[in-house]
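Accompanying notes for the structure given below.
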Amino acid sequence: MPDTVIHLDRLTREYAMGGEVVRALRGVDLRLGRNEYVAIMGPSGSGKSTLMNLIGCLDTPTAGEYWLSGQEVSRMSDDALARVRNREIGFVFQTFNLLARATAIQNVELPLVYAGIAARDRRERAREALDRVGLADRMDHRPNELSGGQRQRVAIARALVNRPAILLADEPTGNLDSVTSEEIMRVFAELHAQDQTVVMVTHEPEIAAHAARVVVLRDGLIESDTRPDRAAA
Amino acid sequence: MPFFEAIRLALQMIRANKLKSFFSLVGVVIGVMFLIAVVSIVQGMNVYMEDQFANRLVGLNTFQVRRFPGIQTGNVSDDTWRGWLRRPRITYADADFLEQRVTSPVAFSRYCDERMTVSRGSSLARDIEVMGADASFFAMKNYDLAAGRPFSPQEARVGSAVVVIGDLLAERLFEGTDPLGKEVSIAGLPYRIIGVVARQGTLFGISLDKFAVVPFNAPVRRQICRWNTLDELHIQASGPIPMLSAMDEVESLLRMRRQLKPNEENNFDLQTAEGALEGWRKISRILFMALPGLVGISLVVGGIVIMNIMLMAVAERTVEIGIRKALGAKRRDILAQFVVESATISVVGAIFGIGLGLALAWVVKSTTPFPAAVAPWSIGLAVALGVAVGMAAGIYPANRAAKLDPITALRAE
C-alpha cells in the first residue's frame, strides 16, 4: 500500500481492573491506506472501542506502535496528542456530542478555535463545511432545534472542518432511525468519493456493508479483514 | 477567541442560573461593597473634616493659645492630665503681653465660653454656648450674618450689653419674628440682639447654631471666665505660612514670659486645625487598617463559594470537556477556559459590589451629615480584586477539568 495513513504494529492495550489485567487488545496489526473506507466490527468486549480510542489518539497503547500520517503517535505527550486529534482526526460520535449552548456554526468552528485560526477564517471555513453536509441554512440553530440527522451532519461538518487525515466515526447511526441512517451513510459515501479516508466503528452489519473494507475484531485480535463488495452485496 | 468564548459562557451561566449565581456572587459582592463604601465614606470624611470640622472649630489660618489641648486625641494618662492641671492659666496679662509684642500681622481675640440658659420672658433656651470674644472673632470664624451686624471693637472694649446669636437660638426664642433690636436675658442681665448668624447646620449631627456671642468685656464674663483669665487666645494670620511664623513667635514670647528653661516643656498649648484633625486621622487610619480584614474575609468566603460553583460546573460539563479535548483542546485551553469563566463570575460580583457600595455611600451621604467621596482607585482595586479572587478560586476546579481523561469524560453522563 503506497500511501499509508494508519499503521498499527502489534498494538496492545491492557487495563488494570481491580488487580486483574484485562487485555483489551493483544497485538493488532493493521494498515490503512489513503481514501480507504473501513468498518471495524465486533461483538461487545471484542476491543473495538479500545481500538477506536487508540486510533483516535484519545488513548495510548501499552505496547506496540501506532503511526498516523507518518508520525509515531503511540509515545506522544498529552498536548502533542491533542494537536494530532485537532489536525489529523475528525470525530463523529454516536451521541453527536455537540455543545448544546452553541449554534451549529459555533460547534463547527470549535476545532478551528483550538487550531488557533483567526475568527474570520474560522467562520468562512465553518460555513463551507456546513455547506458540504447540506446545512448551510441551519447555521445559527442550536442542536435542540435540529433533527437527529441534522445534528449528526453538524457533527460531520465539525469533523471535516480542519481537513483531517481520517474521519473517525463511532457508531454514527446508533441513535438514528433507519431512513436517517441511510442519509448519513450517503454523506459518508460522498466524502469517501471525495478522497476522504473514513474509519467507522459499528456493530450493525447493514451499516458496515457501506464500507469498502470490513475488519472484524474478536477477543482483542483481528478475526477477519475483508472487502465485502467483492464477496457479497 | 477561547478567551471571549469563556467570558460569554460565564455570562450565559450567570443568566441561566440567576438564583445560584446570586449565592455564588454574594461573598464577592459584599466584600467589594464594603471596600467601596468604607473607602468612599472615609475619604468623604477626610474632606469633611478638613474643610468643615477643623476650620469651623478652630478657624481658617487660626491657632489658639490654651492651657492644655482642648481636643484630645486618644487616651490621656492621669499623669499627663495632672501635669496639665498644674499649668498656669492664660491670663489677661498674657494676652496683652502677646498682643503688644507679636510682630507678625495677626488678629487677636480673647475667648471664653460656657453653656448657659438664655431666656426671653418666660421662654428659655437651655444649653446655649455663650461665648465672650473680641470683634475680630467674627472674621476668624468666618461667620455669615443673616441679619444685623457683628459688634464693633468699641463695643467689645467697653463691654456693651449686645449679643450676636445663632440661627437656632433665634428660632427657639423668636419663632419667626425678627429678633433684631430685641432683648434676651443672659445670667439675669438684658442683652440687645444686634446680629443673627446664618444657619451653619450640624457637625456630627450636633447643631452649630445654638450659641450667642457677647463682647469679651460684657458683664456675663464673670459667669464664663475665671477671674482675670481666659480660656483661649485666638490668633489669626493671613495665610498658612504666616500662621506658622506667628506660632513660633508666640511660643518663644510665652516661654520667655514664663521663664521656661530650654529643657522645660511648654506649659501651654498651641492648638491648630491640623492638631484637631489628628484624632480623625487616627480613626481613619484604624478604619483603613481594619478594611483589608473586613474585605479579605468576604472575598475569601466569596472565593470558596465560587470555587464550589466551578467544581459543580466542571462536574456538570464533563462531557463538554471531553468533546473539547477530543476536538483538540490542550490542557491549558481547558484550564484557561475555566479560570477565565471563574474570573468573569467574580468580576460580575465585583461590579454588583461596586454598584451597591456606591449606593451605600450615597445613602450615608444623604441620611447623615457625613459626605462621601468616591475614590477612583478603590473602584480599580475592586475590579482587580474581583479578577484575582476569581482566578484564584478557578485554578483548582480548572485544573481538575484540564486533567480529565477525554475517554472517561466523553462517557460521563
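Protein sequence lines correspond, in order, to chains A and B.
Position in the first sequence (from 1) plus 2 gives the number in this note's numbering.
Position in the second sequence (from 1) plus 1220 gives the number in this note's numbering.
Backbone N, C-alpha and C define an ideal beta-carbon position, used for all residues, glycine too.
Treat the numbers as computed from the prediction; the structure is a model and nothing was measured.
* Please work out which residues of its chain come closer than 6 Å, Cβ to Cβ, to B:R1309, disregarding the five sequence neighbours upstream and downstream, and give them in chain order. => Correct list, in chain order: R1287, T1449.
* To do: For chain A, find out if any of its Cβ atoms is closer than 9 Å to the Cβ of B:L1547; answer yes or no.
  => yes
* Can you name the start and end residues of the alpha helix (DSSP H) that A:M187 belongs to? -> Run containing A:M187: 180 to 195, per the alpha helix (DSSP H) assignment.
* May I ask whether a heavy atom of the ligand MN can be found less than 8 Å away from the beta carbon of A:Q73? => Within the structure as shown, the ligand MN is missing, as the structure has no ligands at all.
* Asked: Would a check of beta-carbon distances place B:R1203 closer than 9 Å to chain A?
  -> In the structure displayed, chain B extends from 1221 to 1633; residue 1203 of chain B sits before or after that span and is not available.
* Asked: Along chain B, which residues have their Cβ under 7 Å away from the Cβ of A:L60?
  -> Those are A1546, P1626, I1627, listed as they occur along chain B.
* In chain order, what residues of the stretch 105 to 123 of chain A put their CB closer than 7 Å to some CB of chain B? -> Residues L112, P113, V115, Y116, A117, A121.
* **Sequence ranges, beta strand (DSSP E) only - wholly within the stretch 1452 to 1524 of chain B, length at least 3** => 1452 to 1456, 1489 to 1492
* Asked: Can you name the start and end residues of the beta strand (DSSP E) that A:Y200 belongs to?
  -> Looking at the sequence provided, one finds Val at residue 200 of chain A rather than Tyr. A:V200 -> beta strand (DSSP E) spans 199 to 203.
* **Ordered list of alpha helix (DSSP H) runs contained in the stretch 1516 to 1594 of chain B, each at least 4 residues** => 1538 to 1546, 1551 to 1587
* Beta carbon proximity, A:R129 to chain B, threshold 9 Å -> Taking Cβ atoms only, chain B never reaches closer than 9 Å to A:R129, which makes this a no.
* Mind the definition here: the stretch 1321 to 1330 of chain B touches the stretch 1463 to 1481 of chain B only if three or more C-beta pairs lie below 8 Å; say whether that holds. => yes
* **Spatially closest choice to A:V7 from A:Y17, A:G29, A:G35, A:F190, by CA coordinates** => A:G35
* Closest by C-alpha distance to B:D1489, when choosing among B:I1234, B:I1517, B:E1452, B:I1385 -> Nearest option by C-alpha distance: B:E1452.
* **the stretch 52 to 61 of chain A touching the stretch 1623 to 1632 of chain B, judged by at least three CB pairs closer than 8 Å** => yes
* So, B:A1613 versus B:M1532, is the Cβ gap smaller than 9 Å? -> no
* How about the stretch 189 to 199 of chain A and the stretch 102 to 121 of chain A: do they share at least three Cβ pairs that are nearer than 8 Å? -> no
* Counting contacts by CB-CB distance shorter than 9 Å, is B:L1231 in contact with chain A? -> Residue contact with chain A for B:L1231: absent (no Cβ-Cβ distance below 9 Å to any residue of chain A).
* **chain B within 9 Å of A:A159, Cβ atoms only** => no
* Asked: Under the three-state reduction of DSSP, which class applies to A:F95: helix, strand or coil?
  -> coil
* To do: Could you tell me if A:P45 is buried or exposed, where buried requires 16 or more neighbouring beta carbons within 10 angstroms of its beta carbon?
  => exposed
* **With 16 other Cβ atoms within 10 Å as the buried cut-off, status of A:L219** => Counting Cβ neighbours within 10 Å, A:L219 comes out buried, since at least 16 surround it.
* **Residues of the stretch 167 to 190 of chain A with Cβ closer than 7 Å to any Cβ of chain B, in chain order** => none
* Asked: Since B:K1550 meets chain A, which of its residues come closer than 8 Å, beta carbon to beta carbon?
  -> Within chain A, the residues whose beta carbon sits less than 8 Å from that of B:K1550 are D80, D81, A84, R85, Y116, listed in sequence order.
* To do: Work out the CA separation of B:A1418 and B:D1268 for me, nearest whole Å.
  => For clarity, residue 1268 of chain B is Tyr in the given sequence; the question names Asp instead. About 20 Å.
* Could you check what DSSP says for B:W1304 in three-state terms: helix, strand or coil? => helix
* Would you mind giving the Cβ-Cβ distance between B:R1477 and B:F1317, rounded to the nearest angstrom? I have them listed as a contact below 8 Å. => 6 Å
* Nearest to B:G1573 (by Cα), restricted to the options B:F1254, B:L1305, B:K1402, B:E1225 -> The residue with the shortest Cα to Cα distance from B:G1573 is B:F1254.
* Could you work out which residue in A:E126, A:N99, A:M187 is closest to A:R153 when comparing CA atoms only? => A:N99
* In angstroms with no decimal places, state the Cα-to-Cα distance between A:E208 and A:D61. => Computed Cα separation, rounded: 29 Å.
* Using a Cβ-Cβ distance under 9 Å, would B:E1536 count as near chain A? -> no
* Asked: Where does B:I1234 fall in DSSP's three states?
  -> helix
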